[in-house]
Each structure stands twice: as structure tokens, then as C-alpha cells.
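Top line first, the protein sequences correspond to chains A and B.
Numbering that gives the first Met the number 0 applies: residue 0 is where the first sequence begins, and numbers increase by one.
Numbering that gives the first Met the number 0 applies: residue 0 is where the second sequence begins, and numbers increase by one.
Below is one structure, written out as C-alpha cells; the observations come after it.
2 protein chains.
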Amino acid sequence: MTKKSDLMPGTLDMMILKTLTRGPQHGYGIALSIKRASDEVLTVEEGSLYPALQRLLLQSWVKAEWRSTETNRRARYYTLTAAGRRQLGVEQSQFETMIAAIGRVMQDA
Amino acid sequence: MTKKSDLMPGTLDMMILKTLTRGPQHGYGIALSIKRASDEVLTVEEGSLYPALQRLLLQSWVKAEWRSTETNRRARYYTLTAAGRRQLGVEQSQFETMIAAIGRVMQDA
DNA sequence: GTTCTATCCATAGATGACCTATGGATAGAA
DNA sequence: TTCTATCCATAGGTCATCTATGGATAGAAC
């Protein structure tokens with residue numbers, strides 16, 4: 000089993016895509032969003048996050064542009080594409096299927 | 000995301016331990032149990048199963064002995080140990096925590 | 001009687017996601 | 001001016017799982 004602060008493998012891309020449905024964000028902001036939404040249970044390391052964003056860019060599930068933050072710093076803002084939104088749907092339903100199956104295996108009977 | 004027939008990484012050991020709470024079983028039987036319990040959604044490949052069983056043996060979470068099956072074939076029967084039962088509890092609660100956290104990230108809000 | 005399928009064990013090597021470690025840079029607070 | 005938080009990104013390692021392979025036997029099918 001994974002350690003407490005680790006992620007569940009295979010769920011990071013899905014969570015990033017989901018986070019971006021709430022609007023464009025830069026990498027650091029995505030990491031904070033996930034951390035806060037999960038009540039500090041999930042911590043996305045930068046060494047996981049940026050490679051993941053590169054993967055998503057390559058697939059054209061997100062696009063990126065350099066902009067300025069409210070605090071006047073340069074940052075790369077990521078936006079969900081239409082394909083990314085479709086992909087999110089696919090990953091969500093696969094995830095649900097998987098979790099439901101594991102639930103059946105794990106139930107007492 | 001993982002493919003449909005794949006496992007969710009990090010959940011195999013937990014499912015094996017859970018399966019063994021229903022009594023000793025040989026490797027092949029464990030794989031079938033998981034497949035059936037999950038309504039054929041989860042397929043444990045032999046290349047995943049036997050290394051997993053070696054891990055569990057090393058940790059003394061299961062023990063093994065050679066016996067004969069009902070159909071007269073030699074097979075290695077795996078039994079859950081007390082430590083294995085404790086470990087199952089740990090993994091289950093970590094899993095629940097993780098799934099709950101992912102659920103919060105994935106909920107529309 | 002032999003071929004095929006299901007049952008059974010196990011390892012080697014590849015893949016791929018994630019983590020650790022590292023490096024760089026700036027804004028604003030102390 | 002030093003420290004912390006904010007921001008980006010890559011290289012290298014780890015580890016779980018999969019693919020591919022190899023071996024062996026029981027019983028059914030033909």
C-alpha cells in the first residue's frame with residue numbers, strides 16, 4: 000500500500016483535469032487546490048506534477064500559456080481543452096468501475 | 000488511467016489478504032476468487048500474482064504449504080497469519096482514507 | 001492415444017507512474 | 001539582506017504491475 004502522503008497511482012491526471020474544470024490555473028495552484036480539496040490528505044509533489052502536466056500537454060488535454068499572477072509573478076496557466084474534458088469523463092467512469100469492483104472484492108460476505 | 004482489465008496499483012496485496020480471510024487458497028484460486036468477486040472486472044495476471052505472494056511471504060503476512068487439491072493436483076496453499084490480518088486492517092483504512100480524499104477532489108462544487 | 005483445455009507454479013525483463021533530489025528564479029516580509 | 005513562499009522544470013531512482021516465457025499434470029474430447 001502507498002504511504003499516507005503518497006497518491007494513488009493512476010489518479011493524478013484525473014484529479015488535475017478535474018481541478019481545471021474550475022478554471023485555468025498554474026501548476027503551483029493546481030497542487031494547492033488538490034491539497035486543500037482533499038483536506039491535506041493528498042500532496043502532489045512537484046516532481047509528480049510537472050511531468051504529469053507535460054503528459055497532458057502532449058495529449059492536448061490541456062493547453063498552456065505564460066501569464067502574470069495576481070501577485071505579479073510569471074506563471075504558466077493551464078486550461079482544459081475539449082478533448083481534455085472528454086478524457087476526464089472517460090477516466091472518471093473507469094475509476095468508478097474500478098472502485099466499485101474493488102469494493103465488491105473487499106466486502107465481507 | 001489504467002486500462003479496463005488492469006488492476007489499480009497498490010490494491011493487489013490488500014485484495015489478496017482479504018481473499019484469504021475466507022480461508023486458505025492456492026494462487027490460482029485466489030486469482031479466480033478476485034475475478035469472480037469483481038464480476039470479471041479485475042483480472043490478476045500470474046506475473047502480478049506470484050510476485051505479490053512472494054512479497055507477502057517475505058513479510059510473514061501469509062504462510063504457504065504444499066498440499067493436494069480436490070482434483071488431485073499439487074498446489075501451494077496460502078494462509079493468512081495474525082500479522083497479515085493486522086496488515087489488512089491497516090491497508091483497508093489507508094485505502095478508505097485515500098478514496099475519500101480523492102472523492103472530495105472529484106466532487107463538483 | 002493424443003490433442004486440447006484448464007489447472008497450477010514461477011521468473012525475467014519491460015513499462016510507466018510517482019518520488020527524491022536538485023537547480024534556478026523572483027516577490028514580499030522580516 | 002535574509003528568509004519564506006511562490007513558481008518552473010528535469011534527472012535519476014524505485015517499485016508495482018504487465019508481458020512473455022517456461023514447465024508440468026489432470027481430465028475431457030475426439
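Ideal placement from N, C-alpha and C gives every residue a C-beta, glycine not left out.
Discussion item. On the DSSP letters alone, give me the boundaries of the beta strand (DSSP E) that S67(A) sits inside.
Written reply: 61-67
Worksheet entry | Backbone CA spacing between L6(A) and G22(B) [nearest angstrom] | 31 Å
Discussion item. Quick check: the Cα distance between V61(B) and V89(B), rounded to an integer number of angstroms?
Written reply: 15 Å
Discussion item. Would R66(B) and Y77(B) be called neighbours here (beta carbons separated by less than 8 Å)?
Written reply: no
Worksheet item: Can you tell which of L56(A), E39(A), A30(A) has its C-alpha closest to the C-alpha of T96(B)?
Response: E39(A)
Worksheet item: Just curious, the alpha helix (DSSP H) that L52(A) is in, first and last residue?
Response: 45-57
Item to complete: Closer than 7 Å by beta-carbon distance: list the chain A residues that pair up with R103(B), in chain order.
Response: A36, S37, D38
Worksheet entry | Inter-residue CB distance, L79(B) and T20(B) (contact presumed, cutoff 8 Å) | 6 Å
Worksheet item: Quick one: is G9(B) near chain A, going by C-beta distance under 8 Å?
Response: yes
Worksheet item: Does the Cβ of G26(A) have 16 or more other Cβ atoms within 10 Å, making it buried, or fewer, making it exposed?
Response: buried
Fill in: Cβ neighbours of Q24(A) in the same chain (closer than 8 Å, five flanking residues each side left out)
T18, S32, Y76, Y77
Worksheet item: How big is the Cα-Cα spacing for K3(A) and I29(A)?
Response: With a pLDDT of only 47 at K3(A), under the threshold of 50, the placement of this residue in the model should not be trusted, and no figure is reported.
Practice prompt. Report the three-state DSSP secondary structure of R21(A) (helix, strand or coil).
Written response: coil
Worksheet entry | Cβ of A30(B) within 8 Å of any chain A Cβ | no
Discussion item. 8 Å is my cut-off, CB to CB: does M0(B) come that close to chain A?
Written reply: The pLDDT assigned to M0(B) is 46, lower than 50, so where the model puts this residue is not dependable; a value taken from the coordinates is nonetheless given after this. Yes, its Cβ sits closer than 8 Å to a Cβ of chain A.
Worksheet entry | Distance, L56(B) Cα to R103(B) Cα | 35 Å
Worksheet item: Could you give the distance in angstroms between the alpha-carbon of Q106(B) and the alpha-carbon of P8(A)?
Response: 19 Å
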